[in-house]
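Protein chains in written order, with our numbering: chain A, 4 to 264; chain B, 1488 to 1840. Glycine included, every Cβ here is placed at the ideal spot set by N, Cα and C.
And the structure:
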């Protein structure tokens, strides 16, 4: 018993070190005075953080990333909530097929999926790059939305809806005044999860970006190809902070356990 | 005449037939229970009346109107669910007010009616609480108030007490009956608890495999069950094969396989078959001393087997020539295993099915 728990402690410490150490290096390097990524850094400076705001493309792609993430998530919620509702409440022919279809973007390698979106949306359908990017992100985050919403619908007793209907509310009205208010935590969780996924996405975005339209992660990749300075490290620290703040909000409102259910 | 009328209704899920050519009539103001083991179709019947499931065949007439195709939210029936199904995000007041708000009742009237109803169920002080802050019994009463406040044409209760502890169940069923009588509201009550349903119902429909085996007053079902299934369900645990000797208006005579003569009340004969089963409750069989001065009529010889203590009485498994019988005996004396006894089966306590 005791040896087992000691082994477990050592194991956990190792895992966490492995996870956290690279982040520590990045953070330290971000505030170094060197002109290139170096650890341990020499000196201390905020100049690389300041430099982020000097690179105009970072600001522009940051805005695009946020836009795509917000709109994409909204679109995915609009499609995903009704889809999750129907999948969890009705038995019909082809239900399993639909379920598989909605979850397929997670199963197909993202790079393959991105490439086929490029082929179809931009080359075949001749959609503008921005529209294609939005569609691509919407599709790829849809499975997360459906998964999270479905799980909160499953824990919501169906007879509560039946009670509302028996008291005179139609099916659609029941959905808005009874179901939706009771799955808000699921909707918030789905929103944040989808937002983070879209904001961090590379494999889809890399195929669906073009002249003037790019996302922050793609811009960061192309920056690294040409420059070795710690600007990217500084930017990474800021992104980490952003995610941490979002997670903090989730923890405070829903509890992180929501995602492990 | 009848307020509610199910006519030759059939419900099936694929090959699984739940109700077949089902008929049920309920008079206005009555509380009718559907009683039966799980899977007998009682909940299906209730949900069919409520409109949550559609019949494959047959008609549902309510108040002389065809309700077969009327959707749930247009039926004006109050439904109380086993899980109570309260709206978790609304207070007790808003839960009860829900149906009235949908009916665009003026605010002042909503307040008045909701508080009146909460008063009836004894929860007037809890109107601002949320469902999760209430005990099981309180939730149950909120569910009842919510269903009743819309003055429904029919009240449907689906095992409303099954999630409560034994003492509360007894208290609540009296409460339900009282309110039902006060408001004179026709009620269909689904339960698998025999005592619960006998204690509050005007009529009980004992169901088995999608068919009503016996619909009658609780007293009649208890004393004179019509079929073997119903007899068994209401506690007639002993069945003896009998064949008819002579039938008279008052008392009829039957023979058991081992040649004993059994006299029974003719009103207790529920089947015209030549060979029939005589049913009797364990507590109605009397153990009489061997070699006593009883005539041989309505008696059996047996050997005591395993005995168990029921609290009020002992119960013996007695091996007789016509099979093993369960017999209750008082606690003055405990018969030993292997002891020979004579059993007396009073004629007015035997039912033939």
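Taking residue i as part of the beta strand (DSSP E), name the residues at either end of that continuous run.
i	result
residue 1520 of chain B	1518 to 1522
residue 1793 of chain B	1786 to 1796
residue 1808 of chain B	No beta strand (DSSP E) contains residue 1808 of chain B, which DSSP labels as neither H nor E.
residue 1738 of chain B	1738 to 1743
residue 1829 of chain B	1827 to 1831
residue 1508 of chain B	1503 to 1513
residue 1763 of chain B	1762 to 1767
Can you find a CB in chain B that lies within less than 8 Å of the CB of residue i?
i	result
residue 169 of chain A	yes
residue 85 of chain A	no
residue 2 of chain A	Beyond the ends of chain A as shown, which are 4 and 264, falls residue 2 of chain A; an answer cannot be given.
residue 154 of chain A	no
residue 181 of chain A	yes
residue 157 of chain A	no
residue 192 of chain A	no
residue 189 of chain A	no
residue 239 of chain A	no
residue 35 of chain A	no
residue 62 of chain A	no
residue 97 of chain A	no
residue 162 of chain A	yes
residue 165 of chain A	yes
residue 213 of chain A	no
residue 1 of chain A	There is simply no residue 1 of chain A to check, as chain A begins at 4 and stops at 264 in what is shown.
My assumption, with CB atoms under 8 Å, is that residue i sits in contact with residue j. Please give the rounded CB distance.
i	j	result
residue 1840 of chain B	residue 1713 of chain B	7 Å
residue 1748 of chain B	residue 1521 of chain B	That belief does not hold up - the Cβ atoms of residue 1748 of chain B and residue 1521 of chain B are roughly 40 Å apart, past 8 Å.
residue 1519 of chain B	residue 1661 of chain B	In fact, because the Cβ distance is near 18 Å, the residues do not count as touching under 8 Å.
residue 87 of chain A	residue 152 of chain A	4 Å
residue 1742 of chain B	residue 1809 of chain B	With 8 Å as the limit, residue 1742 of chain B and residue 1809 of chain B do not qualify as a contact, their Cβ atoms being about 11 Å apart.
residue 147 of chain A	residue 113 of chain A	No, residue 147 of chain A and residue 113 of chain A are not in contact; Cβ-Cβ is about 13 Å, not under 8 Å.
residue 1776 of chain B	residue 1833 of chain B	The Cβ separation is near 17 Å, so there is no contact.
Hey, does residue i have any beta-carbon neighbour from chain A nearer than 8 Å?
i	result
residue 1589 of chain B	yes
residue 1570 of chain B	yes
residue 1501 of chain B	no
residue 1647 of chain B	no
residue 1560 of chain B	yes
residue 1545 of chain B	no
residue 1540 of chain B	no
residue 1575 of chain B	yes
residue 1595 of chain B	no
residue 1637 of chain B	yes
residue 1749 of chain B	no
residue 1537 of chain B	yes
residue 1586 of chain B	yes
residue 1549 of chain B	no
residue 1509 of chain B	no
residue 1580 of chain B	no
residue 1564 of chain B	yes
Hey, could you find the ends of the alpha helix (DSSP H) residue i is sitting in?
i	result
residue 99 of chain A	98 to 110
residue 1605 of chain B	1594 to 1607
residue 1555 of chain B	From DSSP, residue 1555 of chain B is part of no alpha helix (DSSP H); its letter is neither H nor E.
residue 1500 of chain B	Not the alpha helix (DSSP H): residue 1500 of chain B falls in the beta strand (DSSP E), residues 1491 to 1500.
residue 1729 of chain B	Unbroken run through residue 1729 of chain B is the beta strand (DSSP E), 1725 to 1733; no alpha helix (DSSP H).
residue 66 of chain A	59 to 92
residue 215 of chain A	Taken as a continuous stretch (DSSP letters only), residue 215 of chain A belongs to no alpha helix (DSSP H), as it is neither H nor E.
residue 52 of chain A	50 to 55
residue 189 of chain A	187 to 203
Given that residue i touches chain E, what residues does it touch there, using C-beta distances under 8 Å?
i	result
residue 1679 of chain B	The structure shown contains no chain E; its protein chains are A and B.
ask   = Using 8 Å as the threshold, is the stretch 39 to 52 of chain A in touch with the stretch 243 to 254 of chain A, meaning 3 or more CB pairs across them?
value = no
inquiry  = Restricting to runs no shorter than 4 residues, where is the alpha helix (DSSP H) found entirely within the stretch 1653 to 1719 of chain B?
reply    = 1653 to 1670, 1681 to 1687 and 1705 to 1710
ask   = Three or more beta-carbon pairs under 8 Å between the stretch 25 to 39 of chain A and the stretch 231 to 241 of chain A, yes or no?
value = By the C-beta criterion, the stretch 25 to 39 of chain A is judged to be in contact with the stretch 231 to 241 of chain A, since at least 3 inter-stretch pairs fall below 8 Å.
ask   = If we count Cβ pairs, one from each stretch, closer than 8 Å, do we get three or more for the stretch 141 to 149 of chain A versus the stretch 199 to 216 of chain A?
value = yes
query = How do the stretch 1623 to 1638 of chain B and the stretch 1603 to 1613 of chain B stand: do at least 3 beta-carbon pairs fall below 8 Å, yes or no?
reply = Touching, per the Cβ criterion.
request  = Please list the segments of the alpha helix (DSSP H) lying wholly inside the stretch 101 to 183 of chain A, counting only runs of 4 or more residues, in order along the chain.
outcome  = 113 to 120, 132 to 157, 161 to 169 and 174 to 177
inquiry  = Taking 8 Å as the cut-off, does the stretch 1679 to 1687 of chain B touch the stretch 1507 to 1517 of chain B (at least 3 CB pairs, one atom from each stretch)?
reply    = no
request  = Could you say if the stretch 216 to 232 of chain A and the stretch 63 to 83 of chain A meet the contact criterion of at least three C-beta pairs nearer than 8 Å?
outcome  = yes
task = Evaluate contact between the stretch 153 to 165 of chain A and the stretch 1548 to 1556 of chain B, counting only Cβ atoms and requiring at least three cross-stretch pairs below 8 Å.
result = no
message = Does the stretch 1714 to 1728 of chain B come into contact with the stretch 1760 to 1770 of chain B, if we say contact requires no fewer than three beta-carbon pairs (one atom in each stretch) closer than 8 Å?
response = yes
query = Can at least three beta-carbon pairs, one atom from the stretch 1631 to 1638 of chain B and one from the stretch 1583 to 1599 of chain B, be found at a separation below 8 Å?
reply = yes
message = Does the structure place the stretch 1522 to 1530 of chain B close enough to the stretch 120 to 130 of chain A that three or more beta carbon pairs sit under 8 Å?
response = no
request  = Could you say if the stretch 1565 to 1577 of chain B and the stretch 165 to 183 of chain A meet the contact criterion of at least three C-beta pairs nearer than 8 Å?
outcome  = yes
task = At 4 residues or longer, and completely inside the stretch 1618 to 1657 of chain B: list those alpha helix (DSSP H) runs for me, N to C.
result = Fully enclosed alpha helix (DSSP H) runs of 4 or longer: 1623 to 1635.
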